[in-house]
Amino acid sequence: QLSNVKLIDLPKILDDRGNLSFFENNKQIPFEIKRTYWIYDVPGGELRGGHAFKEQQEFIVALSGSFDVVIQDGKVEKRISLNRSYYGIYLPNMLWRSLENFSTNSLALIVSDQAYDENDYVRDFDTFKSLVV
Ligand code: TYD
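The sequence shown runs contiguously to residue 137 in full-length UniProt numbering.
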């Protein structure tokens, strides 16, 4: 459900030598990290994602540049722009999501509470809708 999506402000340690932010398991983010991956070198106009996860939850940060996270719970769609490295978006399972509108040199960091498992993906939107309504 979209109401369970959370924008999370991360700690920001300001320093003349350069700033620092972080997150830890079950503290800033509400799960334990099993996997980290990142998306980069996205050509202009390309889109990533376009699927839902049956079980896995994730937290997404724009470490560099900007992109939009478009989420859909089967009824309502919401677009959230990420463009700072000191906040991110928490997505629970069973939401259709895509990452769009990547700026040049943007870097999307994604952490998940599950190992990669193709069986956890729902890649067909009609199937997703039939599972959530
Ligand atoms: P996928 O999650 O479909 O990409 P996106 O949703 O961002 O468009 O992943 C693309 C391919 O990369 C997928 O077929 C398998 C591989 N992959 C892994 O091996 N491990 C991973 O952790 C991820 C995210 C993907």
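Built from N, CA and C at the ideal position, the CB exists for glycine as well. Because the structure is a prediction, the values reported are computed rather than measured.
| Query | Result |
| --- | --- |
| Counting only the same chain and skipping the five closest in sequence on each side, list residues whose C-beta sits under 8 Å from that of residue 69. | 87, 106, 107, 108, 109, 110, 111 |
| What is the residue span of the alpha helix (DSSP H) that residue 71 lies within? | First-last for residue 71: 71–76, but that is the beta strand (DSSP E), not the alpha helix (DSSP H). |
| Counting along the chain, where does the alpha helix (DSSP H) carrying residue 133 start and finish? | 129–136 |
| For residue 137, collect the residues of the same chain with a Cβ closer than 7 Å to its Cβ; drop the 5 residues on either side in sequence, then sort them by chain order. | 78 |
| Exposed or buried, which one is residue 101 when buried takes at least 16 other CB atoms within 10 Å? | buried |
| With contact counted as at least three CB pairs below 8 Å, one residue from each stretch, are the region 80–98 and the region 36–55 in contact? | no |
| Here's the rule: buried if 16 or more other CB atoms are within 10 angstroms of the residue's CB, otherwise exposed. What is residue 7? | exposed |
| Where does residue 2 fall in DSSP's three states? | The question about residue 2 has no answer here: the residues shown for the chain are numbered 5 through 137. |
| Is the number of C-beta pairs between the region 55–71 and the region 88–98 that are closer than 8 Å three or more? | yes |
| Let me know if residue 116 comes out buried or exposed under the rule of 16 or more other beta-carbons within 10 Å of its beta-carbon. | buried |
| Which two residues bound the contiguous beta strand (DSSP E) that contains residue 67? | 62–68 |
| Name the DSSP beta bridge partners of residue 53, please? | 102 |
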